[in-house]
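So the sequence shown is residues 1 to 347, counted in our numbering.
Please read the structure below before turning to the comments.
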Amino acid sequence: MPSSAPTLRRITVLSGGVGGARFLQGLLHGLRTGVVPGGSADTVVTVVANTADDWWIHGLKVCPDLDTVMYTLGDGIDVERGWGRRDETWSARTELEAYGVEPTWFGLGDRDIATHLVRTQMLEAGYTLSQVTEALCRRWLTPVHGETVRLLPMTDDRVETHVAVADPDSASGRRVVHFQEYWVRLRAAVPAETVLAVGQDASTPAPGVLEAIGEADLVVLPPSNPVVSVGTILGVPGVRDAVRSTPAPVVGLSPIVGSSHVHGMAAQMLTSIGVEVSAGAVGAHYGARSAGGVLDGWLVDERDAGQLTGLEQAGIRAAAVPLMMSGHDATAAMAAAAVSLVTDGPA
1 MPSSAPTLRR
11 ITVLSGGVGG
21 ARFLQGLLHG
31 LRTGVVPGGS
41 ADTVVTVVAN
51 TADDWWIHGL
61 KVCPDLDTVM
71 YTLGDGIDVE
81 RGWGRRDETW
91 SARTELEAYG
101 VEPTWFGLGD
111 RDIATHLVRT
121 QMLEAGYTLS
131 QVTEALCRRW
141 LTPVHGETVR
151 LLPMTDDRVE
161 THVAVADPDS
171 ASGRRVVHFQ
181 EYWVRLRAAV
191 PAETVLAVGQ
201 DASTPAPGVL
211 EAIGEADLVV
221 LPPSNPVVSV
231 GTILGVPGVR
241 DAVRSTPAPV
251 VGLSPIVGSS
261 HVHGMAAQML
271 TSIGVEVSAG
281 AVGAHYGARS
291 AGGVLDGWLV
301 DERDAGQLTG
311 LEQAGIRAAA
321 VPLMMSGHDA
331 TAAMAAAAVS
341 LVTDGPA
């Protein structure tokens, strides 16, 4: 590794929704304030977002992770919920419920519906999801970040995550539900027996995704869900190979602090694939690039410092720093530590 941080002209982040978006806020803050070594306000950050959470509801194409990143970085997110529009109203949801239209457990806000209407109309007119996302970002990202932030879907193809759960009333003893039903209606409160990314094997990376990884000065796996966020991005054919072969260092930040996730359902998803719910186990799950995995470096929280030795033995450079995203400054410090880890060694 070089002895000092290289100039970071291009950073590529493989992101899920809430956790990834909050990390991106801190990263951009750190670039603007000079906290991130080698970075600057002119550094271009390309976000490759998970689209396996997408689904169709009430005739509309909904892309939760794309929209969460877009609204967050465009200063339109509902900060308390972490998703959806600020100052949202729910008249359409109330009317649909009055008509008895299912599913009533998934609510679309009135402002949010406008985004889904535009997306659906453009898709039905023949535009790709990449083209639609670029058009939407001209409203949300360009006024705030100019040309320094790009948002790309992981693929333009339809990929949807489904989860198998136990169902004693079914002849097979289980049933398969869309990821949104598992997360929103069931609240991930029942064990996930199997996680399936339907359509993933036949998908291809969206335009610009492989180039963003191969031409980056740094690739980051933020503290997003390693199974149904970062994991589904890496599962698009060609993406994992691109991460393994990029000349840029690849660094990740653990979504597990102590013995559980900070937000979301990483614990349930890890259990479903037989991975221990720990920072060290998630790092080992991603694996060292020197051994066919995707990581050069892995940050864990200070309370997980006892797992550093095992990570180093697995060929992953590791360090323990505070990993709670309590504000932009704290998150910028996390991003700075990630850069330092794969350039100068442990921060």
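We treat Cβ as the ideally placed atom computed from N, Cα and C, and that holds for glycine.
key: Cβ contact (3+ pairs, closer than 8 Å) linking the region 226 to 239 and the region 314 to 325   = no
message = Between the region 177 to 193 and the region 67 to 82, can you find at least three pairs of beta-carbon atoms closer than 8 Å?
response = no
ask   = Whole-angstrom Cβ separation of H328 and H58, contact assumed at under 8 Å?
value = That belief does not hold up - the Cβ atoms of H328 and H58 are roughly 35 Å apart, past 8 Å.
query = Comparing alpha-carbon positions, which option in T271, E211, G173 and K61 lies nearest V243?
reply = E211
query = In angstroms, rounded to a whole number, what distance separates the CA positions of S3 and W298?
reply = Per-residue confidence for S3 stands at a pLDDT of 43, beneath the threshold of 50, marking its modelled position as unreliable; no derived number is given.
query = Leaving out the 5 sequence neighbours to the left and right, which residues in its chain are closer than 6 Å to Y71 when beta-carbon positions are compared?
reply = I77
ask   = If you follow the alpha helix (DSSP H) that H285 is part of, which residue opens it and which one closes it?
value = A279 to Y286
message = Rounding to the nearest angstrom, what Cα-Cα distance links N50 and P207 in this structure?
response = 14 Å
Test item: CB-CB of A125 and L108 under 8 Å = no
ask   = In three-state DSSP terms, what is A347?
value = Summary for A347: the model assigns pLDDT 38, below 50, so the residue's position carries little reliability, and this model does not support an answer.
inquiry  = Going by DSSP in three states, G82 sits in which element: helix, strand or coil?
reply    = coil
query = Is any heavy atom in the ligand COA found nearer than 7 Å to the beta carbon of S229?
reply = The ligand COA is not part of this structure, which contains no ligands at all.
ask   = Using CA coordinates, which residue listed in P249, A279 and M265 is at the minimum distance from V257?
value = A279
request  = Would you kindly work out how many angstroms separate the C-alpha atoms of L14 and G293, rounded to a whole number?
outcome  = 15 Å
ask   = Given that a residue counts as buried once 16 or more other Cβ atoms are within 10 Å of its Cβ, and exposed if not, what is L8?
value = buried
ask   = So what does DSSP say about D156, is it helix, strand or coil?
value = coil
Sequence-distant residues of the same chain with beta carbon closer than 6 Å to P12, five excluded per side = For the record, residue 12 in the displayed sequence is Thr; it is not Pro. Cβ neighbours of T12 beyond the five flanking positions: T46, A212, I213, A216 and V219.
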